[in-house]
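Asker: The numbering of the sequence shown is the numbering used here, which starts it at 29 and goes up by one. In this text, a Cβ means the ideal position worked out from N, Cα and C, and glycines have one as well. For reference, the structure I am asking about is given below.
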Amino acid sequence: TCIVINGVPMERLSTGIQGLDKKIGDGYPGKKGILITGAPGSGKTIFAMHAINQACTDGKKSVIMATEETEEDITEQAKIFGFPFDEYIKSGLLEIVKILEMRSRSVTKAAEMIDGLSFKQVDLINMPELIPYDAEVIVMDNIGVFAIGLTPREFRDQFDTLNLLLSQKDVTTLFVMDEAAHQMTHEVADYSTFGNIKLMVKENPYTGKMERFIFIPKMRNTAISLDPVPFEITSKGIDIKGKKDT
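Right, dumping it as structure tokens:
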């Protein structure tokens, strides 16, 4: 999808979640970085999986930079929601870069090299060097692991550099970050991205029950509502409550 803002066309990437695209101007702003944060169990990874599934369905080369899960874990979880990630991988539409394995093996194989980098050197700044040249859509899940041992200023500097390098690649990137790391770094990542989406689990004041909500405090070049959007996680993934559009 491509929309025109102030006479300038901007590509939009579908979220893959029915009812959400219209709430953020027909999808994520293309070739920009979007931050997705939330507590454990709020649905961050599933949220990002929807975008990858939609991108692959649309024939866009997609990449998952996996810092906390193995490729097998990711493909098995995707199957639960009906996302055929294993088929996308076989066809070349999807590639999973195994950051978790790289960082784990650095403990015993610090001298081993991959693409000119020792495993120990994998950090935010050189992550783009591990991205396939033909990538169009990227999910980095979870960038919070790179915040450990850094001051908020150091993390901000590295994250700003990462954003700059990715912008030069003309890719749309979803940065997934756990709430603990987000708070530990004083939420500085909010200032570096084009848009922010926060997934929350809180009590519904009208029902007294715990529910999940999507809150979108920032999406540049987009008219957005600041009202939290209630959703559920079903066998098909994210389900927006009361959705009326696609």
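Less than 7 Å between C-beta atoms, sequence neighbours within five positions excluded: which residues of the same chain meet that for residue 194?
Answerer: For the purposes of this step, residue 194 is identified with residue 166 of the sequence shown, where counting begins at 1. Same-chain partners within the cutoff: 61, 156 and 201.
Asker: Can at least three beta-carbon pairs, one atom from the region 222 to 236 and one from the region 69 to 76, be found at a separation below 8 Å?
Answerer: yes
Asker: Looking at residue 65: is its Cβ nearer than 8 Å to the Cβ of residue 173?
Answerer: Numbered from 1 along the sequence shown, position 37 holds the residue referred to as residue 65. Numbered from 1 along the sequence shown, position 145 holds the residue referred to as residue 173. No, they are not a contact pair.
Asker: Quick test of the definition: if touching needs 3 or more C-beta pairs under 8 Å, does the region 38 to 48 touch the region 80 to 90?
Answerer: yes
Asker: Cutting at 7 Å between CB atoms, please list the residues of its own chain near residue 1, excluding the five before and the five after it.
Answerer: Absent from the model: residue 1. The displayed extent of the chain is 29 to 274, so no value can be given.
Asker: Does any heavy atom of the ligand SAM sit closer than 7 Å to the C-beta of residue 219?
Answerer: Ligands in the displayed structure: none, and consequently the ligand SAM is not present.
Asker: Taking only the alpha-carbon atoms, compute the straight-line gap between residue 91 and residue 130 and give it to the nearest angstrom.
Answerer: Your numbering for residue 91 matches position 63 in the sequence shown. Your numbering for residue 130 matches position 102 in the sequence shown. Each residue's alpha carbon lies about 16 Å from the other.
Asker: So, helix, strand or coil for residue 162, using DSSP?
Answerer: Your numbering for residue 162 matches position 134 in the sequence shown. Here residue 162 sits in coil by DSSP.
Asker: In whole angstroms, what is the alpha-carbon distance linking residue 148 and residue 244?
Answerer: Here residue 148 refers to the residue found at position 120 of the sequence shown. Here residue 244 refers to the residue found at position 216 of the sequence shown. With a pLDDT of only 48 at residue 148, under the threshold of 50, the placement of this residue in the model should not be trusted, and no figure is reported.
Asker: Taking all protein chains shown into account, do 16 or more other C-beta atoms lie within 10 angstroms of the C-beta of residue 234, making it buried, or fewer, making it exposed?
Answerer: Here residue 234 refers to the residue found at position 206 when the sequence shown is read from its first residue. Exposed: under 16 other Cβ atoms inside 10 Å.
Asker: Expressed to the nearest angstrom, what Euclidean distance is found between the alpha-carbon atoms of residue 259 and residue 266?
Answerer: Locating residue 259 in the sequence shown gives position 231, counting from the first residue. Locating residue 266 in the sequence shown gives position 238, counting from the first residue. When rounded, the distance between both Cα atoms is 7 Å.
Asker: Based on Cα-Cα distance, which residue from 203, 214, 158 and 163 lies nearest to residue 180?
Answerer: Stepping through the sequence shown from its first residue, residue 180 is reached at position 152. Ranking 203, 214, 158 and 163 by Cα distance to residue 180 puts 214 first.
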